[in-house]
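Residue numbers (the working numbering): 3 to 263.
Beta carbons: idealized from backbone N, C-alpha and C, even for Gly.
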């Protein structure tokens, strides 16, 4: 572009580049205009997924995560005709004994109170699981705020833009996955169900049978919706970048068009 042609392009105080002949205009100001309908839809959908994730994990925190059943016999007897069953959530649970050792009973269980008596890795891992899930919820809350803000504004590429959403939702998914792994270790390696049942029993217990319940499996859709929230914003960002590149092509050819006149 020649010096004369270059002088025809001026920068206004509002950061809008315009050609003095009115041939081309290239708006670079991003922070003031309302977002496009396409952007609003993408970010509102992302906010919807993040909100759904909070609802899923919130319910998961309140429901049962594992179920352990063991055969029961009186001390010194080999007649295992009773059973002891513990159903555990992250905070509360229940224990049901059938003919264990002689009578049947049912009582509520405070998970952390009983794990405190066991001590060691059992309570440490349970505490880590809860802590990670709380942090995951905080990350999801951040994702919701960022996506809603982006649906009504056009922030620059800072932590309040798509990058912030990627970080918050990525942290939520990562922490939830780590909590999932740690809980598996606590249940099947540390065997908290068996140890909690044995702790409160004056009978002989054997043949542990442990199953994971709804609360644990809800971590999977929670991780999934966080990844979907990231994917939606990434797809929008990629489409916007492609569209912006296509719009820049006529601008690059503008001097040639001017010379034709």
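Using 7 Å as the threshold, is the C-beta distance between residue i and residue j below it?
i: residue 234; j: residue 48; result: yes
i: residue 45; j: residue 149; result: yes
i: residue 125; j: residue 171; result: no
i: residue 189; j: residue 123; result: no
i: residue 115; j: residue 95; result: no
i: residue 214; j: residue 178; result: no
i: residue 211; j: residue 71; result: yes
i: residue 65; j: residue 186; result: no
i: residue 132; j: residue 184; result: no
Hey, out of the options, whose CA is closest to residue i's CA?
i: residue 138; options: 117, 217, 224; result: 224
i: residue 74; options: 125, 66, 67, 83; result: 83
i: residue 166; options: 176, 181, 146; result: 146
i: residue 111; options: 204, 72, 199; result: 199
i: residue 209; options: 124, 65, 80; result: 80
i: residue 43; options: 203, 178, 152; result: 152
i: residue 226; options: 239, 39, 58, 246; result: 58
i: residue 102; options: 247, 238, 169, 203; result: 203
i: residue 39; options: 156, 99, 53, 161; result: 156
i: residue 128; options: 169, 90, 239, 228; result: 90
i: residue 169; options: 180, 141, 108; result: 141
i: residue 197; options: 97, 250, 41; result: 97
i: residue 228; options: 99, 100, 173; result: 173
i: residue 41; options: 154, 99, 250; result: 154
Where does the unbroken alpha helix (DSSP H) through residue i begin, and where does it stop?
i: residue 207; result: No alpha helix (DSSP H) holds residue 207; the beta strand (DSSP E) holding it covers 206-214.
i: residue 203; result: Careful: residue 203 lies outside any alpha helix (DSSP H) and carries neither H nor E.
i: residue 65; result: Element bounds for residue 65: n/a, residue is neither H nor E.
i: residue 176; result: 164-190
If I'm right that residue i touches residue j with Cβ under 8 Å, what's the distance once you round it to whole angstroms?
i: residue 68; j: residue 195; result: 6 Å
i: residue 143; j: residue 56; result: 7 Å
i: residue 206; j: residue 77; result: 6 Å
i: residue 135; j: residue 63; result: 6 Å
i: residue 230; j: residue 51; result: 5 Å
i: residue 119; j: residue 237; result: Residue 119 to residue 237, Cβ: 51 Å. No contact.
**Complete runs of the alpha helix (DSSP H) confined to the region 75-126 [at least 4 residues]** = If you keep only unbroken alpha helix (DSSP H) runs of at least 4 residues inside the region 75-126, you get 113-120.
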